[in-house]
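Engineer: Numbering (my numbering), first residue to last: -18 to 319. Yeah, the Cβ is synthetic: ideal placement off N, Cα and C, and Gly gets one too.
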Ligand code: SAM
Ligand code: SF4
Ligand code: SF4
C-alpha cells in the first residue's frame, strides 16, 4: 500500500504519538507519583522490559506511514534514559515526522539542551508548578528548588529550542502560584500552559474539588492582565490559547476536565513497556512489544495498529463530563507520560 492508501485505512486521523521512554523519575510530584506509593519498595521496570531505541525507531517509522507527524518523548523523566539525543537523532530522520518534542521536569536540560537541539529536537515542555522555592520542594517531594529547572528553561531557549512551561494547578496546593507563574512567564516571553489537575491513574487521590478550572484561572489572571483569544492552529490542538494584549506571548489552558476535547483527539500513546494506549485514561494497553519482538513484518504490525485504532471508542473526558465514569484500572501518568 502506498502511504496515502494506508492513511485512508484509518477511520479517524492519528497524527500525534507520545512515547514514554522510561517509567522512572527523579521527582515524586504529589499529583503524579506520590512518594508514599512510589517508594523504595516500588518495582520499576527492569531495563530489558523497556522498548529499546531500535524498537522505538522501528515503531515510529510504522506510525509515520499511518500519518503521525508529531512525536513527543516523555516518561517518567525522559532525560533519565541514557543517550536520549541518539534516539532523537534517529527519529528526526524518519520521513513524515515534522516535529519532535520532549516533556521534562527540566533538571537535566542545562546539561543536554544543546545536544538535543543538534540531534533534531524542536521543542521542550518544562514542568514547573511554583515560583516559590519551598512550595516547589514540597510539590516535587525531592526537596529540589526552582533554580535547576529555571536554568534548564533558559538553557533550552539559549540552545534554540521552542520552550513551553507546564503548570498543573491543584486547589489547596499551588493556587497561590497562578499569578506569580504568569508574571514570570510574561516577563520572560515564555509560553505558559495551565493544566487542569486530572484523574489519571489511581494513586494521586484525585477529587473534582481539587480541580482549578480554566475559567477560574482566567478570571484570576484577568484581574491583572488583558487577553486576546487566539484561533486553533490545527485540528486536534489541545490547548485553548490566549495572547497577552499587545504582545506575542501566549498563555494556554489544557481543559481536559472542564471542557473535554475527545471528539478531536488524534493522539496515541506508547508506554515505556511497549503497550499502545488509545486514550490517556484507558487502562487497557495493547501489547505491541511482543509484536515487535516476534518475526512479524512491518506491514503486519501496521495492520495490527490499524485494527486497534479503528476499534477505538475512547471518550473518557467527555464521559466524565457526562457523569458516566469508572475510576478503576486506569493507567498511571508516570507510566504513560501525559
Ligand atoms: N517528567 C516529565 C515532566 O514532569 O514533565 C514528563 C512526564 S509527566 C507525567 C508529563 C506531564 O504530565 C507533566 O507536565 C506533568 O505536570 C503532567 N501531569 C502529571 N500528573 C498530572 C495530573 N494528575 N494532572 C495533570 N497533569 C499531570
Ligand atoms: Fe516525575 Fe514528571 Fe511525574 Fe513529576 S510529573 S513525578 S517530574 S513524571
Ligand atoms: Fe483523547 Fe482520551 Fe483525552 Fe478524550 S480522554 S481527549 S479520548 S486521551
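Helix or strand or just coil, what does DSSP make of residue 219?
Structural biologist: coil
Engineer: Could you tell me if the beta carbon of residue 262 falls within a distance shorter than 6 Å of some heavy atom in ligand 3?
Structural biologist: yes
Engineer: What is the residue span of the alpha helix (DSSP H) that residue 299 lies within?
Structural biologist: 297 to 302
Engineer: Taking the continuous alpha helix (DSSP H) assigned at residue 162, which residues delimit it?
Structural biologist: 159 to 169 is the span of the alpha helix (DSSP H), which, as asked, contains residue 162.
Engineer: Taking DSSP as the reference, what is the three-state secondary structure of residue 148?
Structural biologist: strand
Engineer: Tell me whether the beta-carbon of residue 166 lies closer than 7 Å to the beta-carbon of residue 146.
Structural biologist: yes
Engineer: Hey, out of -6, 85, 190, 221, whose CA is closest to residue 60's CA?
Structural biologist: Measuring from the Cα of residue 60, the nearest candidate turns out to be 85.
Engineer: Using 10 angstroms around the beta-carbon of residue 4, count the other beta-carbons present and answer buried if the total reaches 16, otherwise exposed.
Structural biologist: buried
Engineer: Counting pairs of Cβ atoms below 8 Å between the region 290 to 306 and the region 248 to 267, do you hit three or more?
Structural biologist: yes
Engineer: The beta strand (DSSP E) that contains residue 234, what's its start and end?
Structural biologist: Per DSSP, residue 234 belongs to the beta strand (DSSP E) from 231 to 235.
Engineer: Thinking C-beta only, is residue 194 closer than 7 Å to residue 237?
Structural biologist: no
Engineer: Given the structure, does residue 185 come close to ligand 1, in the sense that its CB is under 6 Å from one of the ligand's heavy atoms?
Structural biologist: yes
Engineer: For the region 241 to 256 against the region -12 to 5, are there 3 or more C-beta pairs whose distance is under 8 Å?
Structural biologist: yes
Engineer: Which residue's Cα is closest to the Cα of residue 103: 158, 263, 50, 298?
Structural biologist: 50
Engineer: Along the chain, where does the alpha helix (DSSP H) containing residue 198 start, and where does it finish?
Structural biologist: 195 to 203
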